[in-house]
Structures are given as C-alpha cells and as structure tokens.
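These notes are about the structure you will find just below.
2 protein chains.
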Amino acid sequence: MTVTRDACEAMDRDDPLGFVRDRFDVPEDVIYLDGNSLGALPRDTPEALEQATRKAWGKGLIRSWNTEGWIDQPLVLGGRIARLIGAETDEVAVTDSTSVNLFKLASAAMAMRPDRRVILSEAGNFPTDLYMLQGLVEQLGGRAELRVVERAAIADAITEEVALLVLTHVHYVTGEIFDMPGLTRRAHAVRALTLWDLSHSCGALEVDLNGAGADFAIGCGYKYLNGGPGAPAYAFAAKRHHKVMRQPLAGWMGHAKPFDFVDDYAPAPGIAQVLCGTPSVLAMTALKCGLDTFEGVEMAAVRKKSIALSEVFRELMTAPELAEFQLVSPEDPNLRGSHLSYAHQDGYAIMAALIDRGVIGDFRAPDRLRFGFTPLYARFVDMFDAVERLKAVMRDGVWRAPKYSVRQAVT
Amino acid sequence: MTVTRDACEAMDRDDPLGFVRDRFDVPEDVIYLDGNSLGALPRDTPEALEQATRKAWGKGLIRSWNTEGWIDQPLVLGGRIARLIGAETDEVAVTDSTSVNLFKLASAAMAMRPDRRVILSEAGNFPTDLYMLQGLVEQLGGRAELRVVERAAIADAITEEVALLVLTHVHYVTGEIFDMPGLTRRAHAVRALTLWDLSHSCGALEVDLNGAGADFAIGCGYKYLNGGPGAPAYAFAAKRHHKVMRQPLAGWMGHAKPFDFVDDYAPAPGIAQVLCGTPSVLAMTALKCGLDTFEGVEMAAVRKKSIALSEVFRELMTAPELAEFQLVSPEDPNLRGSHLSYAHQDGYAIMAALIDRGVIGDFRAPDRLRFGFTPLYARFVDMFDAVERLKAVMRDGVWRAPKYSVRQAVT
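Residue numbers (this note's numbering), protein chains in the order written: chain A, 15 to 425; chain B, 15 to 425.
Here it is as structure tokens:
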C-alpha cells in the first residue's frame, strides 16, 4: 500500500477526533511530533493563567486558597485524571514530580513488605525511575536491593524475593507496552506489589489500573496531558492500600488536619496522604486546562486514532530512500504506545536538521529518532508531510552541516 | 508617643524604598498584611507568564528547553536568591517544595554523620518541617531519632549525640529570630551539622549563611520572594559539602549527565545535585518576576524599613481599646523578623471580620492574629489605617456575627 496525501486528507475529514485540534494552539509552520515529550499549548491556558494571576492571586491574594478552591486542586485534578487511567476518583492526587512520587510510593510499598528486600525493574527503564530507586535503596541501607534485568527476563524474575515491581507501562524509547494485567497477576501470585509509571501511556492509550489490579502508579502531566513544561505529576494508590500505606515525604498538605498546626504528623485518610508541600497553583491551573482538552473524548477513540496515525507514519517510513532508518519499536501496533523510534547512526544531526525544517520530533541517546503521535491534535496529513520533509533532508544532505552536530543541553 | 496618620504619610514620603511599591499590583481597596504568607503580585508577572505560555511553550514547544533557557532556570534563579541569603551563587538551587528540600538535605546530613542518630528541632517549629523529619526518621528506622525540645532548651540540647540541628530562622508565629551564628558555632563545636529554614526570613531581613558558617538551608518562594502561590522553593548547601553530600531524591535533573540516559545515577557536581524531577517552567517564570522585585534593593534597607513598619504597628496596637490583644512576638525588634502576632481568644472571628473590612492578615491556631510587614510594598499609612479598622471592628462587635466563626479550609 502506498499512502498518498489525498488519502491522508480523507482520513482527516473522517476523523471523529478532528474537532479536538481546535482546542490547541499549534503553530501553523510546525508539524509537532513531540507531544509525547511536551504536549502542545491548549487554547484556553493563557487566559486561565491570566485569570489565576491577575484576579485570583493579584486581587484575591491569600484569600484565594479558599475562595478559588486552590486548596482542593490536587484532589480535584487527580479525580479527573482517574478517568483516563481506570482508577476511582479518590485514588489519584496531583502533586510534585513523577520522580518524587515514585520515591513516595516505592517507599510505601517497601514498608508494606518488610520481609523482602528486592525492587525489580527493567534495564533501560526511563532513567529517573532507576535513579530514584537507587537513591531509595541507598537510603534504606541493607533493607533494600535494586535488581535490574533485561525486559525479556522481567516475568521470570518476579520471584518470592521481590517486594515491588516497578515498570514503565510504555517504554520511553521503543514504545513497547508491558502486559500490565499479566505482570500484575504474576506479581500478586508471589505477594509482590506493583508500581506503574504511566508517563508515556496516560492520555495516549487505554489504561485500566483497577482492571489490572495494580497497586500503585505515577505519571507526568506535561506529555499527553498537555499540562505545560514541568507540569505537576500524579500518584495513584489502590484504595485497599490507603489505610496501611505510609509514605515518608510527610509534608503538611498530606496531614489529616494541616491547619491545626500540631507538632505530630497524622496522615490524611485516603489518597491525600501522598500530598507533601505547598503545590504551585499556577502549574496546577495550566494542568487543569490540559485536562480540559480531554473533555468528551473517549480513550478508546484516542487509542484508535493513535494506532491509525502511527501505522500511516510507519508505512510511509518504509520508502526505499529511508531504508537507513531502522524501526526499533514493535511493528504490531497493539504492542506499542503512541510513538515510534528509529535508529540511525547520524540520528542527532538528522533530527536537528529536520526540526529546522519544521518537523519536531526528538532524539534519544545513543542513536534514536523518536516521533510521537498525539491523537488530540495530530493530523494524518502531518504524517505525510513529516516524512516528505525527512526525505528532503536526506536528499539534500543538509544534516551534514557542522551546526547540526553540536549537541544542546536538552536533546 | 502617639503615631498620627500625618506622621505616617511623612514617613512614606521619606521612605527610600517607596519607589518599589510600583513594582507590584496591590489592590487599592486592600491593606495587605499577609505578604509573609503569600507575597503580592509583581506587576511584570502576568506579561512574563503570557510570554512563557504563548510564545515559549506555544510556539517554541519542546525547543524552548534550550532556546529559552528553561533548563538553566533552577540554577540561575538559585544564584539570584544567593545574594539575599549570604551565599555564593553556586550554592543555591531552586527546586521542588520547602518540605521536599528539607527531606533531601536532612537525609544528606544524616548520611554525613553515620555515628549519630539525633536530629534536634524545636517544639512548635513550622509543622511541615517536623512532619518531614518524622517521615525521614521513620524511614531510617533505628538509624535516626527526632528530638524536639522547647525553644529555650535548644542551645543546651546541642550535645555530642546530635547529628543535625534543624531550625526555622524566624518563627512562623512569634517571629522570634534564632541566633544563627551562635547556634551554628555551638553545633559545630560538637561536630553537629545545621539546616536552617529561611522561609520567614529570606527577603525580609539580612541573612548571612556563609557568615554564620551554616551547612544547609531551605526556604520558600511564595512569601517575601513574591513568586506566586506555591512557588518553587530553594535549597542551599555550603560548598565545602558538595563533594561528600549525597541526597536520596536522586532524580534525573540532578544527574551529572541527564541527557545521556544511562541506567546508573551519578550526582551532578556542585549544588545541581539537589535537583530532582522536571521543574515547572511556569512556576519558575513567576518566581523570576518575584526576584526581579528585589533588583537594586539592599537587604539592609529592607530590614530597616521592616523594623520601622513593625514598630509603628506595635505602637498603634498599644491603644487602650485594643488592650485585649496580647503581643506574643518580642518587643525588641532586633529579636524578631518581619511580622507580629497577637493572642486573642476570639482571634479567628476577629481576623475574619477584619479581612472583610479590607485588612488582610491571617490567623494561626489556636488564637493568634498575625500581621506581616513586607517592606517592598507596605506603606506606613497602611499601618495606621489597619489599626484604625481593627478598632472599628472591635467597636462595632461585627466579628460576633455567626458567619465569622465558621472556619474555612485554609485559615
């Protein structure tokens, strides 16, 4: 099959999610295939920030913690994320960063399995997840051990030694999806707990935490949730654990009665116990607008379009002149999330040149070009035009210009 | 001495910091005496957020991490806070919340004193500080113990058992100032480390961390620094500790090479090692504007005006009809920070009624009315008018209306 631009235009006309693109302010001169790293700007965000700043902060001042409901934002927004990940509204809270939330929940889980030492994770997992676990293990001294095994060996490594299994649902490079229900079942069979990082799945595909029986989960607000650069993250804990869990970052916002100002910590009942310090209201405001872009959108439709977009892109990338790009994501769309990665030894320079031509994907060391498909605002013609521009970059050899090999801080 | 409104107007005319008020957008109908809880809105913040949102995020998208210097914000802003607290520019980083930063640095300090168990702090310290230490102690198991003693007993409790002394420089209720150089000297004499919470001092009075030989410090961005509700916090570590310290919240932003995406954590050299997850760019942008309000302002002048404002307020509060209000802050301005607290058994209702009359202070359980003085935008006439309105509230007895005794979530 050869995909034509006309065919892409037809798919856009027929796209049941086509109307959602209007909720975003995507620059006309850009084809944005990096919404899996930083979601695009929702159209309503600037005005909401202006209101939160000039009116709520400027005029309301300290009073707005009550009158504008600032104090409730972490649980209100958590409740809205719950719908996207198969959780109850009172099982999710928005707070801190993904990294910090991983530390909280991994700590809580380890304390629930005092007779076991092993935290099991995947080699090549998103680095901050491994780093945070290393920090935790070091702090717990002899009471914990991080065991990192290759992806293919994970299932067999879930033994009775394992206290906690920490996996990223969709891999940040390859896009591979872990079998959440199957691995959770396997973990529970040996009385191990599970902690899922949903950063690359929430907002892009159907996640069903409670359907899978997951124990804990975390995820980020700035990718598919469109909450803005460095948006607050979220934490999920299954309700059955709320009474027994105890996380160490016991800040006042997670206290049962934060405004009683007593000396002794007493965790809030329910998911509020994962809250810690005072959250950024402005960051929460932007995240709210990001979540608004999902209003009236079913995740099944998002997933369907995600697969369709990525399959068109994958098909176009099989053009003979792009044979040097080697797909490192699964061919079967059911086995991957909403991005595709290709290996190319000159990947960094090629991506830099491509970005200069208005197609924004990203690069992940050592040699991966990554293209993300965000069903809320990506169009099928974007797939076509992006691959055409990549062909042009390769034809011109423009990427060989010295300036494209100079690495920038964030790549 | 009786302070007249004319005298206050004269002090405002002569105020060398009078020009700074124009940097803020303080509502005309409000006398704001709670900038010690949430600083007022800087005039430049809305436009800066609009730019960061529409232009940097909306148009620049992921590229802005490099082109707009987002990635450098935590250290750039930290370097600017350094000037306000007597630190070197490469000893401070902006990151996470005050609570989370306390956990990081207290953990690091405990690991530097493996032969000792005791963390010493003050009974009635700001609750989140005590809560975070309780969480840490619980996590460290037998390796740590939190010892909380009354303020007057702190100095004598600094014994050779103590690994770490954690104190809030200016007390959040009484405003009392701890003798930072003296207590640090005393701690060092027994090889204990010090961690200072500067939330109620930074931006209001002269702090000299390196002059005092302090080891670690933390503080918040949303009070005197005017960074907006829930603004990011900061962390200081004396340079002499950078090579040996190790904090457990080992997120990718604190990695030596975060974009190499390797599996093993290696802390960044210097203060960057305290960074953790991805920071909120929007929250950082607002904090930058808050710090801009200090441009060209010397902390000595800030302190001088702070004392003058609070002395005028204190004098006015000695009016006979206000005799029921009992000062709980030190009378000597050299012994207190930039706020005054008064006890009154009906404090909650009185403060609620006063706020309705346009004078915004706050209430701290069980019975404290707290009035903060922010030298960058508070005027001497505000002191006069605030006390006059308090007299009116007491005269009318308006605070006895039932609605004023209904507690709100945040008080």
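No residue lacks a Cβ here, since even glycine has one placed at the ideal position from N, Cα and C. The structure presented is a predicted model; accordingly, all values stated were derived computationally and were not measured.
Selected residue, minimal CA-CA separation from residue i, among the options
{"i": "residue 38/A", "options": "59/A, 47/A and 368/A", "result": "59/A"}
{"i": "residue 150/B", "options": "98/B, 296/B, 321/B and 262/B", "result": "262/B"}
{"i": "residue 168/B", "options": "45/B, 332/B, 136/B and 176/B", "result": "136/B"}
{"i": "residue 234/A", "options": "108/A, 403/A and 75/A", "result": "108/A"}
{"i": "residue 218/A", "options": "97/A, 371/A, 43/A and 86/A", "result": "97/A"}
{"i": "residue 41/B", "options": "192/A, 24/A, 26/A and 69/A", "result": "69/A"}
{"i": "residue 48/A", "options": "238/A, 408/A and 269/A", "result": "238/A"}
{"i": "residue 253/B", "options": "91/B, 103/B and 20/B", "result": "103/B"}
{"i": "residue 128/A", "options": "25/A, 143/A and 174/A", "result": "174/A"}
{"i": "residue 284/A", "options": "308/A, 277/A and 255/A", "result": "255/A"}
{"i": "residue 225/B", "options": "301/B, 198/B and 326/B", "result": "198/B"}
{"i": "residue 385/B", "options": "353/B, 87/B, 157/B and 35/B", "result": "353/B"}
{"i": "residue 391/A", "options": "26/A, 408/A and 415/A", "result": "26/A"}
{"i": "residue 214/A", "options": "317/A, 30/A and 402/A", "result": "317/A"}
{"i": "residue 205/B", "options": "131/B, 57/B, 380/B and 193/B", "result": "131/B"}
{"i": "residue 279/A", "options": "34/B, 315/B, 421/B and 143/B", "result": "143/B"}
{"i": "residue 14/A", "options": "313/A, 19/A, 195/A and 176/A", "result": "Absent from the model: residue 14/A. The displayed extent of chain A is 15 to 425, so no value can be given."}
Expected contact under 8 Å - CB spacing of residue i and residue j to nearest Å
{"i": "residue 53/A", "j": "residue 388/A", "result": "7 Å"}
{"i": "residue 123/B", "j": "residue 181/B", "result": "No, residue 123/B and residue 181/B are not in contact; Cβ-Cβ is about 13 Å, not under 8 Å."}
{"i": "residue 351/A", "j": "residue 187/A", "result": "Not really, about 11 Å apart at Cβ, beyond 8 Å."}
{"i": "residue 305/A", "j": "residue 95/A", "result": "7 Å"}
{"i": "residue 294/B", "j": "residue 297/A", "result": "4 Å"}
{"i": "residue 75/B", "j": "residue 46/A", "result": "6 Å"}
{"i": "residue 289/B", "j": "residue 259/B", "result": "Residue 289/B to residue 259/B, Cβ: 13 Å. No contact."}
{"i": "residue 22/B", "j": "residue 397/B", "result": "6 Å"}
{"i": "residue 291/B", "j": "residue 114/A", "result": "6 Å"}
{"i": "residue 153/A", "j": "residue 153/B", "result": "7 Å"}
{"i": "residue 418/A", "j": "residue 363/A", "result": "4 Å"}
Inter-residue Cα distance where the pair is residue i and residue j
{"i": "residue 275/A", "j": "residue 141/B", "result": "6 Å"}
{"i": "residue 134/A", "j": "residue 341/B", "result": "57 Å"}
{"i": "residue 311/A", "j": "residue 271/B", "result": "39 Å"}
{"i": "residue 118/B", "j": "residue 223/B", "result": "18 Å"}
{"i": "residue 84/B", "j": "residue 412/B", "result": "50 Å"}
{"i": "residue 361/A", "j": "residue 383/A", "result": "6 Å"}
{"i": "residue 324/B", "j": "residue 332/B", "result": "13 Å"}
{"i": "residue 247/B", "j": "residue 232/B", "result": "7 Å"}
{"i": "residue 14/B", "j": "residue 207/B", "result": "A question about residue 14/B goes unanswered here, because the residues of chain B that appear run from 15 up to 425."}
{"i": "residue 120/A", "j": "residue 201/A", "result": "15 Å"}
{"i": "residue 257/A", "j": "residue 101/B", "result": "43 Å"}
{"i": "residue 251/A", "j": "residue 116/A", "result": "11 Å"}
{"i": "residue 79/A", "j": "residue 424/B", "result": "7 Å"}
{"i": "residue 273/A", "j": "residue 346/B", "result": "29 Å"}
{"i": "residue 93/A", "j": "residue 190/A", "result": "27 Å"}
{"i": "residue 410/A", "j": "residue 367/A", "result": "11 Å"}
{"i": "residue 89/A", "j": "residue 17/B", "result": "48 Å"}
{"i": "residue 395/B", "j": "residue 145/A", "result": "54 Å"}
{"i": "residue 138/A", "j": "residue 241/B", "result": "37 Å"}
{"i": "residue 405/A", "j": "residue 51/B", "result": "57 Å"}
{"i": "residue 73/B", "j": "residue 245/A", "result": "17 Å"}
{"i": "residue 171/B", "j": "residue 203/B", "result": "13 Å"}
{"i": "residue 407/A", "j": "residue 371/A", "result": "8 Å"}
{"i": "residue 81/A", "j": "residue 401/A", "result": "50 Å"}
Identity of the residues DSSP links to residue i by a beta bridge
{"i": "residue 184/B", "result": "191/B"}
{"i": "residue 248/B", "result": "108/B and 233/B"}
{"i": "residue 412/B", "result": "Note: residue 412/B sits in no beta bridge, so no partner."}
{"i": "residue 210/A", "result": "181/A and 231/A"}
{"i": "residue 386/A", "result": "353/A"}
Any chain D beta carbon closer than 9 Å to residue i
{"i": "residue 364/A", "result": "Protein chains in the displayed structure are A and B, and chain D is not among them."}
**Prompt:** In chain order, what residues of the region 246-276 of chain A put their CB closer than 9 Å to some CB of chain B?
**Reply:** Listed by position, the residues of the region 246-276 of chain A near chain B (Cβ gap below 9 Å) are 246, 247, 260, 261, 262, 263, 264, 265, 266, 267, 268, 269, 272, 273, 274, 275 and 276.
**Prompt:** Just by C-beta distance, which residues in the region 282-295 of chain A are closer than 7 Å to chain B?
**Reply:** Flagged, chain order: 290, 291, 292, 293, 294 and 295.
**Request:** Residues of the region 71-92 of chain A with a CB closer than 8 Å to any CB of chain B: list them in chain order, please.
**Result:** Under the 8 Å Cβ criterion, the region 71-92 of chain A contributes 71, 72, 73, 75, 76, 77, 78, 79, 80, 84, 85 and 86.
**Request:** With 8 Å as the C-beta to C-beta threshold (strictly closer), list the residues of the region 53-67 of chain A near chain B in chain order.
**Result:** Using a CB distance below 8 Å, the part of the region 53-67 of chain A facing chain B consists of 54, 55, 59, 60, 63, 64 and 67, ordered along the chain.
**Residues in the region 226-240 of chain B having any Cβ partner in chain A nearer than 9 Å** = Contact residues of the region 226-240 of chain B toward chain A are 234 and 236 (C-beta to C-beta distance below 9 Å).
**Under 9 Å (Cβ pairs) to chain A, residues found in the region 94-115 of chain B** = Listed in sequence order: 110, 111, 112, 113, 114 and 115.
**Prompt:** What are the residues of the region 161-179 of chain B that lie near chain A, defined by any Cβ-Cβ distance shorter than 9 Å?
**Reply:** Cβ contacts with chain A: 162.
**Prompt:** Any residues in the region 192-219 of chain A with a beta carbon nearer than 7 Å to a beta carbon of chain B? Which ones, in chain order?
**Reply:** Answer set for the region 192-219 of chain A: empty.
**Request:** Compile a chain-ordered list of the residues in the region 142-158 of chain B whose CB is closer than 8 Å to at least one CB of chain A.
**Result:** Result list: 142, 144, 145, 146, 148, 149, 150, 152, 153, 154, 155 and 157.
**Asked** Closer than 9 Å, Cβ to any Cβ of chain A: which residues of the region 343-372 of chain B, in chain order?
**Response** Going along the region 343-372 of chain B in chain order, one finds 369 with a Cβ nearer than 9 Å to chain A.
**Prompt:** Name the residues in the region 371-393 of chain A whose C-beta lies less than 8 Å from a C-beta of chain B; which are they?
**Reply:** Taking 8 Å as the Cβ-Cβ cut-off against chain B, the residues of the region 371-393 of chain A that qualify are 374, 376, 378 and 379.
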